[in-house]
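**Student:** There's a structure below that I have some questions on.
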Amino acid sequence: MSLFLPRSLAMLACLGLLTACIETDSDDTSTSTYVVFSMSSVESDYQTFQQRDLDYDGNETDSDESEYIYKDRDSDDSTSVVFNSANDSDTQTEDLEVVAITDINDIYTALSIDDVTIKVDGTNYSGDYILIQEKSGGDLYPVVMSNLVPLANTELSDDIFWHSSHRYSNIADEDRIYLNDSDDEILYVFELEDDLFTYIDAFDYQDNDFWVNASGDILTQETSDTSEMSLLDRSTSETIVESFSTSKLLPFVYEGDFYVARTSSTNIYELEADTSDFSWSIDDTWADNDDSYKPTTNSARRGDFEMNASCELYEFDDSNPFSIEINLIDDFSASNGQLAVAGQDALFCVDADSSDSSALPIIIKFDTETEPGC
(Lines of atoms letter the chains of each structure in order from A and count residues from 1; the text may use other names and numbers.)
(Lines give C-alpha, C1' and ligand atoms only; values in the text may rest on other atoms or scores of the structure.)
Protein backbone atom coordinates (compact mmCIF):
# COMPACT_ATOMS: atom_id res chain seq x y z
CA MET A 1 0.00 0.00 0.00
CA SER A 2 1.24 3.46 -0.80
CA LEU A 3 2.66 5.22 2.27
CA PHE A 4 1.35 8.75 2.81
CA LEU A 5 3.76 10.51 5.15
CA PRO A 6 2.41 12.02 8.36
CA ARG A 7 2.94 15.78 8.47
CA SER A 8 5.77 15.65 11.06
CA LEU A 9 7.68 12.88 9.28
CA ALA A 10 7.21 14.53 5.91
CA MET A 11 8.58 17.78 7.32
CA LEU A 12 11.76 16.08 8.51
CA ALA A 13 12.21 14.32 5.18
CA CYS A 14 11.63 17.49 3.22
CA LEU A 15 13.93 19.62 5.34
CA GLY A 16 16.68 17.05 5.08
CA LEU A 17 16.36 17.10 1.31
CA LEU A 18 15.85 20.75 0.46
CA THR A 19 17.38 23.05 3.10
CA ALA A 20 20.40 24.75 1.53
CA CYS A 21 23.49 26.30 3.03
CA ILE A 22 22.98 29.90 1.94
CA GLU A 23 24.33 33.35 2.62
CA THR A 24 21.86 35.73 4.26
CA ASP A 25 21.76 39.31 5.49
CA SER A 26 19.60 38.60 8.53
CA ASP A 27 19.49 42.20 9.75
CA ASP A 28 19.19 43.84 6.34
CA THR A 29 15.62 45.00 5.74
CA SER A 30 16.51 48.13 3.78
CA THR A 31 14.75 48.95 0.54
CA SER A 32 18.03 50.06 -1.01
CA THR A 33 18.84 46.43 -1.83
CA TYR A 34 17.35 45.40 -5.16
CA VAL A 35 14.65 42.87 -4.36
CA VAL A 36 12.91 41.37 -7.38
CA PHE A 37 9.16 40.99 -6.97
CA SER A 38 7.65 40.82 -10.45
CA MET A 39 8.37 40.44 -14.14
CA SER A 40 6.49 41.12 -17.36
CA SER A 41 3.30 39.11 -17.52
CA VAL A 42 2.85 36.50 -20.22
CA GLU A 43 0.65 37.68 -23.07
CA SER A 44 -1.56 35.37 -25.07
CA ASP A 45 0.52 33.53 -27.71
CA TYR A 46 3.77 35.08 -26.38
CA GLN A 47 4.68 32.18 -24.14
CA THR A 48 8.12 31.15 -25.39
CA PHE A 49 10.66 32.55 -22.94
CA GLN A 50 14.13 32.89 -24.47
CA GLN A 51 17.23 35.02 -24.83
CA ARG A 52 16.88 37.86 -27.30
CA ASP A 53 20.05 37.19 -29.32
CA LEU A 54 19.62 33.54 -30.27
CA ASP A 55 21.32 32.94 -33.60
CA TYR A 56 18.34 31.35 -35.33
CA ASP A 57 16.11 34.37 -34.54
CA GLY A 58 18.51 37.02 -35.83
CA ASN A 59 17.55 39.48 -33.08
CA GLU A 60 20.42 41.57 -31.74
CA THR A 61 20.45 42.66 -28.13
CA ASP A 62 19.58 46.32 -27.64
CA SER A 63 21.38 47.83 -24.66
CA ASP A 64 18.18 49.67 -23.73
CA GLU A 65 16.10 46.51 -23.65
CA SER A 66 16.05 43.29 -21.69
CA GLU A 67 18.21 40.38 -22.70
CA TYR A 68 15.11 38.17 -22.55
CA ILE A 69 11.94 38.13 -24.65
CA TYR A 70 8.60 36.39 -24.88
CA LYS A 71 8.29 34.99 -28.38
CA ASP A 72 5.22 34.35 -30.52
CA ARG A 73 6.43 31.49 -32.68
CA ASP A 74 3.59 31.80 -35.19
CA SER A 75 3.96 35.51 -35.97
CA ASP A 76 7.68 35.76 -35.11
CA ASP A 77 6.89 38.81 -32.95
CA SER A 78 8.44 39.31 -29.52
CA THR A 79 8.02 41.41 -26.39
CA SER A 80 10.67 42.32 -23.82
CA VAL A 81 10.84 40.65 -20.42
CA VAL A 82 11.39 43.26 -17.70
CA PHE A 83 12.04 42.56 -14.01
CA ASN A 84 10.77 44.99 -11.37
CA SER A 85 11.98 45.61 -7.83
CA ALA A 86 10.14 46.29 -4.57
CA ASN A 87 10.07 49.97 -5.53
CA ASP A 88 7.42 50.32 -8.22
CA SER A 89 9.48 52.91 -10.09
CA ASP A 90 12.67 50.87 -9.95
CA THR A 91 13.51 48.44 -12.73
CA GLN A 92 16.44 46.06 -12.92
CA THR A 93 19.24 47.86 -14.77
CA GLU A 94 21.27 44.69 -15.26
CA ASP A 95 19.56 41.58 -16.53
CA LEU A 96 19.05 38.76 -14.10
CA GLU A 97 20.60 35.46 -15.16
CA VAL A 98 17.79 33.01 -15.78
CA VAL A 99 19.50 29.62 -15.94
CA ALA A 100 16.40 27.43 -16.31
CA ILE A 101 12.66 27.80 -16.77
CA THR A 102 9.92 25.20 -16.30
CA ASP A 103 6.37 25.72 -17.53
CA ILE A 104 4.38 24.18 -14.66
CA ASN A 105 0.76 24.73 -15.70
CA ASP A 106 -1.56 27.38 -17.14
CA ILE A 107 -1.04 29.61 -14.09
CA TYR A 108 2.59 29.23 -12.96
CA THR A 109 6.13 29.02 -14.33
CA ALA A 110 9.25 28.19 -12.29
CA LEU A 111 12.45 30.18 -12.93
CA SER A 112 15.93 29.35 -11.66
CA ILE A 113 17.72 32.70 -11.30
CA ASP A 114 21.37 33.22 -10.37
CA ASP A 115 22.69 36.08 -8.25
CA VAL A 116 19.36 37.51 -7.17
CA THR A 117 18.25 39.09 -3.89
CA ILE A 118 14.87 38.13 -2.51
CA LYS A 119 13.20 39.21 0.71
CA VAL A 120 11.42 36.67 2.92
CA ASP A 121 9.79 37.72 6.19
CA GLY A 122 11.92 40.87 6.39
CA THR A 123 15.20 39.07 5.64
CA ASN A 124 17.22 39.56 2.46
CA TYR A 125 18.72 36.46 0.82
CA SER A 126 21.32 36.87 -1.94
CA GLY A 127 22.21 33.91 -4.09
CA ASP A 128 20.82 31.53 -6.68
CA TYR A 129 17.12 30.88 -6.07
CA ILE A 130 13.88 29.49 -7.45
CA LEU A 131 11.08 31.98 -8.15
CA ILE A 132 7.56 31.08 -9.28
CA GLN A 133 5.99 33.44 -11.82
CA GLU A 134 2.22 33.95 -11.87
CA LYS A 135 1.78 34.32 -15.62
CA SER A 136 -1.17 36.68 -15.90
CA GLY A 137 0.21 39.38 -13.59
CA GLY A 138 3.93 38.63 -13.59
CA ASP A 139 4.26 38.43 -9.79
CA LEU A 140 7.21 36.39 -8.53
CA TYR A 141 7.06 34.23 -5.40
CA PRO A 142 9.92 32.49 -3.55
CA VAL A 143 9.56 28.81 -2.66
CA VAL A 144 10.21 28.21 1.06
CA MET A 145 10.22 25.46 3.64
CA SER A 146 8.39 25.71 6.96
CA ASN A 147 11.37 27.58 8.44
CA LEU A 148 10.99 30.19 5.64
CA VAL A 149 14.37 29.29 4.11
CA PRO A 150 14.06 29.80 0.32
CA LEU A 151 14.70 27.00 -2.13
CA ALA A 152 18.00 27.36 -4.00
CA ASN A 153 18.71 26.47 -7.64
CA THR A 154 21.23 23.86 -6.53
CA GLU A 155 18.46 21.77 -4.93
CA LEU A 156 17.03 20.82 -8.33
CA SER A 157 18.57 18.06 -10.45
CA ASP A 158 17.61 15.37 -12.93
CA ASP A 159 16.11 13.42 -10.02
CA ILE A 160 14.41 16.39 -8.29
CA PHE A 161 12.23 18.38 -10.67
CA TRP A 162 8.98 20.33 -10.94
CA HIS A 163 6.23 17.93 -11.89
CA SER A 164 4.59 19.89 -14.66
CA SER A 165 1.04 19.35 -15.89
CA HIS A 166 2.32 20.68 -19.22
CA ARG A 167 4.67 17.70 -19.41
CA TYR A 168 2.46 15.04 -17.79
CA SER A 169 -1.31 14.63 -17.79
CA ASN A 170 -1.63 13.05 -14.32
CA ILE A 171 -1.74 16.32 -12.30
CA ALA A 172 -4.82 18.53 -12.69
CA ASP A 173 -4.26 20.78 -9.65
CA GLU A 174 -3.42 24.27 -10.92
CA ASP A 175 -3.43 25.99 -7.51
CA ARG A 176 -0.49 24.14 -5.96
CA ILE A 177 2.93 23.20 -7.30
CA TYR A 178 4.60 19.80 -6.99
CA LEU A 179 8.29 18.90 -6.66
CA ASN A 180 9.07 15.29 -7.50
CA ASP A 181 12.08 13.55 -5.97
CA SER A 182 12.08 10.56 -8.30
CA ASP A 183 15.14 9.04 -6.59
CA ASP A 184 13.57 8.86 -3.11
CA GLU A 185 10.05 8.60 -4.66
CA ILE A 186 8.55 11.48 -2.69
CA LEU A 187 6.22 14.16 -4.05
CA TYR A 188 6.44 17.52 -2.21
CA VAL A 189 3.50 19.92 -2.29
CA PHE A 190 3.71 23.73 -2.05
CA GLU A 191 0.85 26.20 -1.70
CA LEU A 192 0.74 29.99 -2.09
CA GLU A 193 0.43 31.58 1.36
CA ASP A 194 1.21 35.24 2.17
CA ASP A 195 3.13 35.79 -1.11
CA LEU A 196 5.29 32.68 -0.56
CA PHE A 197 5.01 29.19 -1.99
CA THR A 198 5.23 27.29 1.29
CA TYR A 199 5.74 23.57 1.81
CA ILE A 200 2.50 22.03 3.10
CA ASP A 201 2.72 18.29 2.55
CA ALA A 202 4.56 15.33 1.03
CA PHE A 203 3.91 11.69 0.35
CA ASP A 204 5.98 8.68 -0.54
CA TYR A 205 4.63 7.02 -3.65
CA GLN A 206 7.05 4.05 -3.38
CA ASP A 207 7.41 3.42 -7.10
CA ASN A 208 3.61 3.37 -7.48
CA ASP A 209 1.76 5.40 -10.09
CA PHE A 210 0.00 8.53 -8.86
CA TRP A 211 -2.58 11.06 -10.06
CA VAL A 212 -3.71 14.41 -8.62
CA ASN A 213 -7.18 15.84 -9.29
CA ALA A 214 -8.13 19.52 -9.47
CA SER A 215 -8.74 19.67 -5.69
CA GLY A 216 -5.29 18.32 -4.85
CA ASP A 217 -6.50 14.85 -3.81
CA ILE A 218 -3.85 12.24 -4.59
CA LEU A 219 -4.64 8.80 -5.99
CA THR A 220 -2.06 6.00 -6.06
CA GLN A 221 -2.26 2.52 -7.51
CA GLU A 222 -0.23 -0.46 -6.41
CA THR A 223 1.97 -1.67 -9.23
CA SER A 224 1.98 -5.20 -7.79
CA ASP A 225 -1.81 -5.34 -7.35
CA THR A 226 -3.66 -3.28 -9.92
CA SER A 227 -6.99 -3.70 -8.10
CA GLU A 228 -5.87 -1.80 -4.96
CA MET A 229 -5.85 1.99 -4.88
CA SER A 230 -5.28 4.63 -2.18
CA LEU A 231 -6.75 8.12 -2.09
CA LEU A 232 -5.48 11.00 0.05
CA ASP A 233 -8.39 13.43 0.53
CA ARG A 234 -6.94 16.95 0.62
CA SER A 235 -9.87 18.49 2.53
CA THR A 236 -9.90 15.94 5.38
CA SER A 237 -6.29 14.62 5.27
CA GLU A 238 -7.85 11.14 5.41
CA THR A 239 -6.58 8.22 3.35
CA ILE A 240 -9.05 5.82 1.76
CA VAL A 241 -7.85 2.40 0.60
CA GLU A 242 -10.03 0.22 -1.61
CA SER A 243 -9.55 -3.04 -3.48
CA PHE A 244 -11.66 -3.73 -6.53
CA SER A 245 -12.42 -7.33 -7.49
CA THR A 246 -12.34 -6.50 -11.17
CA SER A 247 -10.11 -6.86 -14.15
CA LYS A 248 -7.19 -4.48 -14.52
CA LEU A 249 -8.05 -0.79 -14.07
CA LEU A 250 -6.01 2.03 -15.59
CA PRO A 251 -6.64 5.37 -13.78
CA PHE A 252 -6.34 8.78 -15.42
CA VAL A 253 -7.49 12.39 -14.86
CA TYR A 254 -9.96 14.11 -17.18
CA GLU A 255 -11.26 17.66 -16.63
CA GLY A 256 -9.96 17.56 -13.07
CA ASP A 257 -11.65 14.29 -11.97
CA PHE A 258 -10.49 10.69 -11.49
CA TYR A 259 -11.53 8.04 -14.02
CA VAL A 260 -10.46 4.48 -14.81
CA ALA A 261 -10.31 2.54 -18.06
CA ARG A 262 -10.94 -1.18 -17.78
CA THR A 263 -8.69 -3.29 -19.98
CA SER A 264 -11.30 -6.03 -20.46
CA SER A 265 -13.72 -3.64 -22.18
CA THR A 266 -13.91 -0.26 -23.86
CA ASN A 267 -15.84 1.27 -20.94
CA ILE A 268 -14.66 4.27 -18.94
CA TYR A 269 -15.71 4.64 -15.28
CA GLU A 270 -15.65 7.56 -12.86
CA LEU A 271 -14.14 6.98 -9.41
CA GLU A 272 -16.08 8.53 -6.55
CA ALA A 273 -15.02 8.42 -2.89
CA ASP A 274 -17.31 8.57 0.12
CA THR A 275 -15.23 9.77 3.08
CA SER A 276 -18.04 9.12 5.57
CA ASP A 277 -17.51 5.35 5.45
CA PHE A 278 -14.18 5.29 3.57
CA SER A 279 -15.54 3.46 0.57
CA TRP A 280 -15.40 4.03 -3.18
CA SER A 281 -17.86 3.57 -5.97
CA ILE A 282 -17.31 3.24 -9.68
CA ASP A 283 -19.97 4.95 -11.76
CA ASP A 284 -20.35 3.91 -15.39
CA THR A 285 -20.22 7.11 -17.43
CA TRP A 286 -18.65 6.46 -20.84
CA ALA A 287 -19.00 3.50 -23.15
CA ASP A 288 -18.57 2.17 -26.69
CA ASN A 289 -15.28 3.79 -27.60
CA ASP A 290 -13.91 2.87 -31.01
CA ASP A 291 -10.61 1.71 -29.54
CA SER A 292 -9.61 0.59 -26.09
CA TYR A 293 -8.01 3.56 -24.33
CA LYS A 294 -4.65 2.81 -22.67
CA PRO A 295 -3.66 5.76 -20.44
CA THR A 296 -0.22 6.09 -18.85
CA THR A 297 0.95 8.40 -16.05
CA ASN A 298 3.62 9.95 -18.25
CA SER A 299 1.29 10.73 -21.15
CA ALA A 300 1.09 14.29 -22.44
CA ARG A 301 -2.15 16.13 -23.17
CA ARG A 302 -3.04 19.28 -25.07
CA GLY A 303 -6.66 20.30 -25.47
CA ASP A 304 -8.71 17.28 -26.56
CA PHE A 305 -5.66 15.26 -27.59
CA GLU A 306 -3.44 12.96 -25.53
CA MET A 307 -0.34 10.97 -26.43
CA ASN A 308 0.65 8.11 -24.14
CA ALA A 309 4.13 6.77 -23.43
CA SER A 310 3.92 4.45 -26.44
CA CYS A 311 3.15 7.44 -28.68
CA GLU A 312 -0.43 6.33 -29.31
CA LEU A 313 -2.52 9.44 -30.00
CA TYR A 314 -6.09 9.74 -28.72
CA GLU A 315 -8.84 12.31 -29.17
CA PHE A 316 -11.41 13.04 -26.44
CA ASP A 317 -14.75 13.72 -28.13
CA ASP A 318 -17.48 15.13 -25.87
CA SER A 319 -19.92 16.02 -28.68
CA ASN A 320 -22.20 13.14 -27.68
CA PRO A 321 -24.31 14.35 -24.70
CA PHE A 322 -24.64 10.81 -23.31
CA SER A 323 -21.04 9.63 -23.54
CA ILE A 324 -17.53 10.93 -24.03
CA GLU A 325 -15.64 8.92 -26.60
CA ILE A 326 -11.88 8.45 -26.65
CA ASN A 327 -10.76 7.47 -30.11
CA LEU A 328 -7.36 6.26 -31.21
CA ILE A 329 -6.54 8.49 -34.17
CA ASP A 330 -2.88 7.63 -34.73
CA ASP A 331 -0.19 5.22 -33.56
CA PHE A 332 3.37 6.33 -34.19
CA SER A 333 4.65 2.88 -33.13
CA ALA A 334 7.64 4.11 -31.16
CA SER A 335 9.68 1.21 -29.85
CA ASN A 336 13.04 2.42 -28.50
CA GLY A 337 13.08 4.87 -25.61
CA GLN A 338 9.79 6.44 -26.70
CA LEU A 339 8.61 9.62 -25.04
CA ALA A 340 5.57 11.85 -25.35
CA VAL A 341 6.19 15.58 -24.92
CA ALA A 342 3.75 18.50 -24.93
CA GLY A 343 4.44 21.82 -26.64
CA GLN A 344 2.22 24.90 -26.53
CA ASP A 345 -0.05 23.73 -29.34
CA ALA A 346 1.51 20.41 -30.27
CA LEU A 347 2.35 16.92 -29.09
CA PHE A 348 5.67 15.28 -29.96
CA CYS A 349 6.63 11.62 -30.18
CA VAL A 350 10.34 11.13 -29.51
CA ASP A 351 11.70 7.76 -30.62
CA ALA A 352 15.30 6.58 -30.60
CA ASP A 353 14.53 4.37 -33.63
CA SER A 354 17.38 2.13 -32.51
CA SER A 355 18.72 0.57 -29.32
CA ASP A 356 22.11 2.03 -30.25
CA SER A 357 22.83 4.79 -27.69
CA SER A 358 24.54 6.90 -30.36
CA ALA A 359 21.51 6.89 -32.67
CA LEU A 360 19.82 10.23 -33.27
CA PRO A 361 16.17 10.46 -32.16
CA ILE A 362 13.24 10.69 -34.54
CA ILE A 363 10.73 13.37 -33.57
CA ILE A 364 7.18 13.36 -34.92
CA LYS A 365 4.98 16.43 -34.37
CA PHE A 366 1.20 16.51 -34.12
CA ASP A 367 -0.27 20.02 -34.26
CA THR A 368 -3.37 20.11 -32.04
CA GLU A 369 -4.72 23.25 -33.73
CA THR A 370 -4.34 22.38 -37.41
CA GLU A 371 -4.63 18.59 -37.45
CA PRO A 372 -7.73 17.66 -35.40
CA GLY A 373 -9.55 14.55 -36.50
CA CYS A 374 -6.82 13.26 -38.78
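In terms of numbering that gives the first Met the number 0, the numbers along the sequence shown are unbroken and rise by one, the last being 373.
Idealized CB from N, CA, C, for every residue including glycine.
Since this is a predicted model, take the numbers as computed values, not measurements.
Distance, Cα to Cα, T122 vs H162?
**Tutor:** Each residue's Cα considered, the two are about 29 Å apart.
**Student:** Along the chain, where does the beta strand (DSSP E) that runs through T78 open and close?
**Tutor:** Start and end: 77–79.
**Student:** So, for Q132: in the same chain, excluding its five sequence neighbours on each side, which residues have a beta-carbon less than 7 Å away from its beta-carbon?
**Tutor:** For Q132, where only same-chain residues beyond five positions count, the Cβ hits under 7 Å are M38, Y107, T108, L110, L139.
**Student:** Return the chain-ordered list of same chain residues with a C-beta closer than 8 Å to the C-beta of T369, the five sequence neighbours on each side being excluded.
**Tutor:** Hits under 8 Å: none found.
**Student:** For a quick check, are the C-beta atoms of E305 and S168 less than 7 Å apart?
**Tutor:** Closer than 7 Å, so yes.
**Student:** How would you write the range of the beta strand (DSSP E) that T295 sits in, first residue to last?
**Tutor:** Run containing T295: none; DSSP gives neither H nor E here.
**Student:** If you compare alpha carbons, which of S77, S125, T265 is closest to L95?
**Tutor:** Ranking S77, S125, T265 by Cα distance to L95 puts S125 first.
**Student:** Would you give the residue range spanned by the beta strand (DSSP E) that M306 belongs to?
**Tutor:** Per DSSP, M306 belongs to the beta strand (DSSP E) from 304–306.
**Student:** Look at the Cβ atom of V115, then the Cβ atom of V35, and state whether they are nearer than 7 Å.
**Tutor:** It is a contact, given that the beta carbons lie within the stated cut-off.
**Student:** Spell out a yes or no on whether the segment 272–282 and the segment 231–244 are touching, meaning 3 or more CB-CB pairs, one atom from each, closer than 8 Å.
**Tutor:** Touching, per the Cβ criterion.
**Student:** Rounded to whole angstroms, what is the Cα-Cα separation between H165 and G255?
**Tutor:** One C-alpha to the other measures close to 14 Å.
**Student:** Measuring straight from C-alpha to C-alpha, what distance separates D344 and T153?
**Tutor:** Rounded to the nearest angstrom, the two C-alpha atoms are 31 Å apart.
**Student:** Under 6 Å Cβ to Cβ from E314, same chain only, skipping five residues before and after it: list those, please.
**Tutor:** Correct list, in chain order: D303, F304, N326, I328.
**Student:** Using the three-state DSSP reduction, which class does V115 fall into: helix, strand or coil?
**Tutor:** Looking at V115 - three-state DSSP - the assignment turns out to be strand.
**Student:** What's the C-alpha gap between I68 and V188?
**Tutor:** About 30 Å.
**Student:** Give the DSSP-derived three-state secondary structure of E154 in the structure shown.
**Tutor:** Looking at E154 - three-state DSSP - the assignment turns out to be helix.
**Student:** Below 6 Å CB to CB, which residues in the same chain sit around D120 once its five sequence neighbours on both sides are set aside?
**Tutor:** Only L147 meet the Cβ criterion.
**Student:** Since I believe Y198 is in contact with L186 (beta carbons under 8 Å), could you give me their beta-carbon distance rounded to a whole number of angstroms?
**Tutor:** About 12 Å separates the two Cβ atoms, so there is no contact after all.
**Student:** Hey, how far is the Cα of D113 from the Cα of I103?
**Tutor:** Their backbone Cα atoms lie some 20 Å apart in a straight line.
**Student:** If you draw a straight line from the alpha carbon of S353 to that of S309, how long is it in whole angstroms?
**Tutor:** So the alpha carbons of these two residues sit roughly 15 Å apart.
**Student:** Report the option in D208, S84, K118 whose CA atom is closest to the CA atom of D194.
**Tutor:** The shortest C-alpha separation from D194 is found at K118.
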